[in-house]
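*Asks:* Residue numbers (the UniProt record's numbering): 1 to 685.
Cβ coordinates follow ideal geometry from the N, Cα and C atoms, glycine included.
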Amino acid sequence: MVAFLASYTALELSGGLTALANARRRPAWLAGGAMSMGVGIWSMHFIGMLAFSLPIAMGYDIAITAASLFLAIGVSFVALATASRGALSLRRLVVAGTIMGVGVAAMHFTGMHAMQMSPGIDYTLWKLVLSVAVAILASIAALWLAFTLRASDVENIVVKRLGAAFVMAIAIAGMHYLGMDAANFAADSLCLADAKLDANWLALAVTAMSFVVLVGTLALIGFHTSSLSISLRRAKRQLHYLGTHDALTKLPNRQQLSLRIAQAVSECERKQTKFAVLFIDLDGFKSINDSLGHSVGDDLLQVCAERLRQDLRHSDMVARLGGDEFVIVVENVTDASSAVAVANGVLRRLSQEIVVNGLPLRVSASIGVAFYPEDGQNADELLHNADAAMYAAKQSGRNTFRVFESQMNHTALKSLILQRDLHRALGDGQLSMSFQPKFSVASQSVTGVEALIRWRHPELGDIPPLEFIPIAERSGLIVEIGDWVLCEVCRNIALWDAQGLPVPSVSVNLSPIQFNVPDLVGRIDSLTGAAGIDPCRLMFEITETTAMQNVEKTSRTIEALQARGYAVAVDDFGTGYSSLGYLQRFRFDQIKIDGSFVRDLDSAGKRGSALLSAVVTLARALQVEVVAEGVETESQMRTLGELACDQMQGFLLSHPMPAAEFMKFLCGAADRIVVPRDTCATPVA
Ligand code: C2E
Ligand code: CA
Ligand code: CA
1 MVAFLASYTA
11 LELSGGLTAL
21 ANARRRPAWL
31 AGGAMSMGVG
41 IWSMHFIGML
51 AFSLPIAMGY
61 DIAITAASLF
71 LAIGVSFVAL
81 ATASRGALSL
91 RRLVVAGTIM
101 GVGVAAMHFT
111 GMHAMQMSPG
121 IDYTLWKLVL
131 SVAVAILASI
141 AALWLAFTLR
151 ASDVENIVVK
161 RLGAAFVMAI
171 AIAGMHYLGM
181 DAANFAADSL
191 CLADAKLDAN
201 WLALAVTAMS
211 FVVLVGTLAL
221 IGFHTSSLSI
231 SLRRAKRQLH
241 YLGTHDALTK
251 LPNRQQLSLR
261 IAQAVSECER
271 KQTKFAVLFI
281 DLDGFKSIND
291 SLGHSVGDDL
301 LQVCAERLRQ
311 DLRHSDMVAR
321 LGGDEFVIVV
331 ENVTDASSAV
341 AVANGVLRRL
351 SQEIVVNGLP
361 LRVSASIGVA
371 FYPEDGQNAD
381 ELLHNADAAM
391 YAAKQSGRNT
401 FRVFESQMNH
411 TALKSLILQR
421 DLHRALGDGQ
431 LSMSFQPKFS
441 VASQSVTGVE
451 ALIRWRHPEL
461 GDIPPLEFIP
471 IAERSGLIVE
481 IGDWVLCEVC
491 RNIALWDAQG
501 LPVPSVSVNL
511 SPIQFNVPDL
521 VGRIDSLTGA
531 AGIDPCRLMF
541 EITETTAMQN
551 VEKTSRTIEA
561 LQARGYAVAV
571 DDFGTGYSSL
581 GYLQRFRFDQ
591 IKIDGSFVRD
601 LDSAGKRGSA
611 LLSAVVTLAR
621 ALQVEVVAEG
631 VETESQMRTL
641 GELACDQMQG
651 FLLSHPMPAA
661 EFMKFLCGAA
671 DRIVVPRDTC
681 ATPVA
């Protein structure tokens, strides 16, 4: 019983909790684990000795007895520290289990030595070897059970640890009784040990002591686990809020807005009424932000958000799309005039003076108005057209509003042009790849690199991927572009190899359209195979929204990619469904937290770090790497260090670089590049 209780306590303290707890407090938890393990092994031995009788008076030498206790604690510490450090490799498992088993045996024989028998105890060699072997094998099994965690184990972790504790108890008790069986006492033996330390009293003291220690630590575990689960639950709630609201202004975000518009569409369809969408963009905000600084800009946005909220009816909604863009949904408008009244009210309220940091500031706004059903059938169309109308308001001198008219759709025209030219871009060599490294937060070494596509249009100049990728997706051209990207990445890897450069793992973005192409894995394989690039050198990034489209199919595809040796990351984490739950379903190798949350670290203080710390906590338990994207400031980097986030990527460390420049970067950083391990060199059937 004591061995079992002690093992459970020790595994719980050193395993689960260190994984979840703050990295800096790990040694303390480990020490607690080693303490209960050591005391447990020691107590088991002496309680076992109570059940053992010799026809002579028995006693124990105090110094040796004490030494055996410290031995048990010390060895437990080394073994548990070895087993609980990161992902458990087979080698480390065997080393840790052997230390543990030998430690249990060493404690036992030291304890026996404390009896100071004369003549000495004679051990039957094979039985002795057997007892040590049982201790080692059972320890290995117990540590394996306790410390190899799969995603699906997280829910029934307690059951798993109980099983591990049971096996560990067998290691301890089995060793003891086999060891006793190996011991032969001569008929005329004498116990020379300090007789003042009476055996029964010792056993009683031991029992009491072990109970106090074990019950105490178990209570501590209970307390810690419950506070941990409370904080995890709180983080989940906060995560939901962060996922649906803008951190700065506390207004609903784009996702919530889309939901609200969809609701309004179905309601108005039923009642045959109309509603209006007002797209609001502040005039001159960018120059205030650039000249007076972000904190003034942030304060200004908060005041504007407050003014937008004023005087609205309960059924109307204000949301922030990002930057200085806001949207108001006005329900039940009978004719255009009621929406116009709202727009005029907004213009009037926003134009009043705002004092920030003692500075009197004045902003105005340009507003575009679109109506359901005439200007769009869904959220995307309505927002798109309201945006076009807002653009027309800007053109006509700002601080005004415009109602949408179909010729305003300049963006639609541009996307038509881009779609036409994108076909040619692929053949004409207008596309290229840039590379942005990822770094370890702790050591600053280069842990990987992300490949990002670039398009230089002969007349329009650089077109950002966020502008042309959606167009390529709509026309289906993304599949061909995706193949080109992968070929280009493989070609570059081969080039770097040929130069003898150390090459980190390279990540490639997959669009949802590509992800849904039948036989994605076969397609990827034939491209990398033709280029002679080993799968373990590549990682694929899919966004969480892509992953959630079809949960079953996604799991299968992820597993198929991983079985071939490719790694898989979830991109832009936190912007879509923001569900911690599905992180447990999909076995991602890496989680990339969206840059917007990293920015919140500066602007929203503690609130901003809620998502990051929740994800880091969970990822630690699932043994998945966490990468923070969009790191731009020193203070963000510092906070990431405090949160024990694994990796980071962002302009602070490096901008994306064209291939030639990246090659120079590889040369310069050669001594701190983490090269992927060749784990998939063995061919997979
Ligand atoms: P992403 O996958 O989230 O890529 C990260 C984006 O953040 C990149 O923008 C990168 O330049 C930018 N970035 C990196 N560090 C910072 C920072 O510190 N601050 C800020 N503000 N931004 C930073 P980029 O290259 O414009 O790419 C935009 C998106 O286009 C990518 O987002 C990805 O979704 C998509 N994309 C890019 N290349 C490809 C590609 O080859 N295939 C596919 N399917 N999508 C791609
Ligand atoms: Ca990405
Ligand atoms: Ca991203």
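Would you identify the three-state DSSP class for Asp246, choosing helix, strand or coil?
*Replies:* Taking the first residue of the sequence shown as position 1, residue 246 is located at position 246. Asp246: coil per DSSP, three-state reduction.
*Asks:* Taking only runs that begin and end inside the segment 264-309, name each unbroken alpha helix (DSSP H) of 4 or more residues, in chain order.
*Replies:* Complete alpha helix (DSSP H) runs here, min 4: 285-292 and 294-309.
*Asks:* Below 8 Å, how does it come out for the segment 587-596 and the segment 612-632: are there three or more Cβ pairs, yes or no?
*Replies:* At 8 Å Cβ cutoff, the stretches touch.
*Asks:* Can you tell me the Cβ-Cβ gap for Thr111 and His45, rounded? I've got them flagged as a contact below 8 Å.
*Replies:* Translated into positions along the sequence shown, residue 111 becomes position 111. Translated into positions along the sequence shown, residue 45 becomes position 45. In the sequence as displayed, the identity of residue 111 is Gly instead of Thr. Their Cβ separation, rounded to whole angstroms, is 5 Å, which keeps Gly111 and His45 in contact under 8 Å.
*Asks:* Taking Ala31 as the reference, give the member of Ala610, Leu50 and Ser84 with the closest Cα.
*Replies:* Residue mapping note: residue 31 aligns to position 31 of the sequence shown, counting from 1. Of Ala610, Leu50 and Ser84, the residue nearest in Cα terms is Ser84.
*Asks:* Does the beta-carbon of Lys592, which I'm using as the reference point, lie nearer than 8 Å to any heavy atom of ligand 3?
*Replies:* As a first step, residue 592 is located in the sequence shown; it is residue number 592 there, counting from the start. Checking every heavy atom of ligand 3 against the Cβ of Lys592, one is found closer than 8 Å.
*Asks:* Counting C-beta neighbours from all protein chains within 10 Å, is the total for Thr82 16 or more, i.e. buried, or is it exposed?
*Replies:* Position 82 of the sequence shown, counted from the first residue, corresponds to residue 82. Buried.
*Asks:* DSSP on Cys191, reduced to helix/strand/coil?
*Replies:* On the sequence shown, residue 191 is found 191 positions in, with the first residue counted as 1. Strand, per DSSP.
*Asks:* Please classify Arg402 as buried or exposed, where buried requires at least 16 other C-beta atoms within 10 Å of its C-beta.
*Replies:* Here residue 402 corresponds to residue number 402 of the sequence shown, with the count starting at 1. Result: buried.
*Asks:* Can the beta-carbon of Met35 be found closer than 9 Å to that of Ser76?
*Replies:* The sequence position of residue 35 within the sequence shown is 35, counting from 1. The sequence position of residue 76 within the sequence shown is 76, counting from 1. Result yes, Cβ atoms of Met35 and Ser76 sit closer than 9 Å.
*Asks:* Taking Asn385 as part of the alpha helix (DSSP H), name the residues at either end of that continuous run.
*Replies:* Working through the sequence shown from its first residue, we reach residue 385 at position 385. Ala379 to Gln395 is the extent of the alpha helix (DSSP H) around Asn385.
*Asks:* Whole angstroms are fine: how far does the CA of Lys160 sit from the CA of Ala151?
*Replies:* In the sequence shown, counting from the first residue as 1, residue 151 sits at position 151. In the sequence shown, counting from the first residue as 1, residue 160 sits at position 160. Confidence in Ala151 is poor, its pLDDT being 46 and thus under 50, which makes the residue's placement unreliable; the coordinate value appears in the next sentence. Ala151 and Lys160: Cα-Cα distance of roughly 13 Å.
*Asks:* Distance, Cα to Cα, Ala685 vs Ser443?
*Replies:* Start at 1 with the first residue of the sequence shown, and residue 685 comes out as number 685. Start at 1 with the first residue of the sequence shown, and residue 443 comes out as number 443. The predicted position of Ala685 is uncertain, since its pLDDT is 37 and thus under 50; no value can be drawn from it.
*Asks:* Between Gly476 and ligand 1, is the CB less than 8 Å from at least one heavy atom?
*Replies:* As a position in the sequence shown, residue 476 is number 476, starting the count at 1. No - ligand 1 has no heavy atom lying nearer than 8 Å to the Cβ of Gly476.
*Asks:* With DSSP collapsed to three states, give me the class of Ala365.
*Replies:* Residue mapping note: residue 365 aligns to position 365 of the sequence shown, counting from 1. Ala365: strand per DSSP, three-state reduction.
*Asks:* Taking 9 Å as the cut-off, decide whether the C-beta atoms of Val508 and Leu486 are in contact.
*Replies:* For the purposes of this step, residue 508 is identified with residue 508 of the sequence shown, where counting begins at 1. For the purposes of this step, residue 486 is identified with residue 486 of the sequence shown, where counting begins at 1. Contact flag set, yes.
*Asks:* Taking the continuous beta strand (DSSP E) assigned at His113, which residues delimit it?
*Replies:* For the purposes of this step, residue 113 is identified with residue 113 of the sequence shown, where counting begins at 1. No beta strand (DSSP E) holds His113; the alpha helix (DSSP H) holding it covers Leu90 to His113.
*Asks:* Exposed or buried, what is Asp311 when buried is set at 16 or more other beta-carbons lying within 10 Å of its beta-carbon?
*Replies:* Walking along the sequence shown from the start, residue 311 turns up at place 311. Asp311 should be labelled exposed.
*Asks:* Curious, which full-length beta strand (DSSP E) runs of at least 3 residues does the segment 431-459 contain?
*Replies:* As far as the segment 431-459 is concerned, its whole beta strand (DSSP E) runs of at least 3 residues are 431-440 and 446-457.
*Asks:* Just mark Thr682 as buried or exposed, buried being the case when its beta carbon has 16 or more other beta carbons within 10 Å.
*Replies:* Here residue 682 is taken as the residue at index 682 of the sequence shown, counted from 1. Any reading at Thr682 needs caution, since the residue's pLDDT is 44, under 50, leaving its predicted position unreliable; the model's value is listed next. Exposed, because fewer than 16 other Cβ atoms sit within 10 Å of the Cβ of Thr682.
*Asks:* Quick check: the Cα distance between Arg307 and Leu452, rounded to an integer number of angstroms?
*Replies:* Against the sequence shown, residue 307 aligns to sequence position 307. Against the sequence shown, residue 452 aligns to sequence position 452. Rounded to whole angstroms, Arg307 to Leu452 spans 40 Å at the Cα level.
*Asks:* If you compare alpha carbons, which of Ser131, Val167 and Gln116 is closest to Met1?
*Replies:* Residue 1 sits at position 1 when you count from the first residue of the sequence shown. When each option's Cα is compared against that of Met1, the closest is Val167.
*Asks:* List the DSSP bridge partners of Gln419.
*Replies:* Taking the sequence shown and counting its residues from 1, the one referred to as residue 419 is at position 419. Beta-bridge pairing links Gln419 to no other residue.
*Asks:* Under the assumption that Ser139 contacts Gly179 (Cβ atoms under 8 Å), give the Cβ distance between them as a whole number of angstroms.
*Replies:* Residue mapping note: residue 139 aligns to position 139 of the sequence shown, counting from 1. Residue mapping note: residue 179 aligns to position 179 of the sequence shown, counting from 1. Actually they do not touch by this definition, with Cβ atoms about 15 Å apart.
*Asks:* I'd like the ranges of any alpha helix (DSSP H) spanning at least 4 consecutive residues and lying wholly in the segment 487-554.
*Replies:* Correct list: 512-515, 520-531 and 544-549.
*Asks:* Along the beta strand (DSSP E) that carries Thr400, what are the first and last residues, could you check?
*Replies:* Taking the first residue of the sequence shown as position 1, residue 400 is located at position 400. Element bounds for Thr400: Thr400 to Val403.
*Asks:* Near ligand 2, which residues have their beta-carbon closer than 5 Å to a heavy atom?
*Replies:* So the residues near ligand 2 by this Cβ test are Asn509, Glu541 and Asp571.
*Asks:* Taking only three categories from DSSP, how would you classify Asn200?
*Replies:* Within the sequence shown, residue 200 is the residue found at index 200, counting from 1. Three-state result, Asn200: helix.
*Asks:* Fully enclosed by the segment 566-652, which beta strand (DSSP E) runs are 3 residues long or longer?
*Replies:* If we require 3 residues or more, the beta strand (DSSP E) runs fully inside the segment 566-652 come out as 567-573, 590-593 and 625-628.
*Asks:* Cβ of Ser603 within 9 Å of Cβ of His245?
*Replies:* Along the sequence shown, one-based indexing puts residue 603 at 603. Along the sequence shown, one-based indexing puts residue 245 at 245. No, the Cβ-Cβ distance between Ser603 and His245 is not below 9 Å.
*Asks:* Excluding the 5 residues preceding and the 5 following Ala619 in the sequence, name in chain order all residues of the same chain whose CB lies nearer than 6 Å to its CB.
*Replies:* Here the question's residue 619 lines up with position 619 in the sequence shown. Excluding residues within five positions, the ones whose Cβ falls inside 6 Å are Ile591 and Val626.
*Asks:* Please classify Lys438 as buried or exposed, where buried requires at least 16 other C-beta atoms within 10 Å of its C-beta.
*Replies:* On the sequence shown, position 438 is the one that residue 438 refers to. So Lys438 ends up on the buried side.
*Asks:* By the 10 Å Cβ neighbour count, where 16 or more other Cβ atoms means buried, how is Trp455 classified, buried or exposed?
*Replies:* Looking up residue 455 in the sequence shown gives position 455. Trp455 comes out buried.
*Asks:* May I ask whether a heavy atom of ligand 3 can be found less than 8 Å away from the beta carbon of Gly595?
*Replies:* As a working note, residue 595 is residue 595 in the sequence shown. Answer for Gly595: yes, Cβ within range of ligand 3.
*Asks:* How would you call Asp188, buried or exposed, if buried means at least 16 neighbouring beta carbons within 10 angstroms?
*Replies:* For the purposes of this step, residue 188 is taken as residue 188 along the sequence shown, with counting starting at 1. When all chains shown are included, Asp188 counts as exposed.
*Asks:* Does the separation of the CB atoms of Gly368 and Phe326 fall below 9 Å?
*Replies:* As a working note, residue 368 is residue 368 in the sequence shown. As a working note, residue 326 is residue 326 in the sequence shown. Contact: no.
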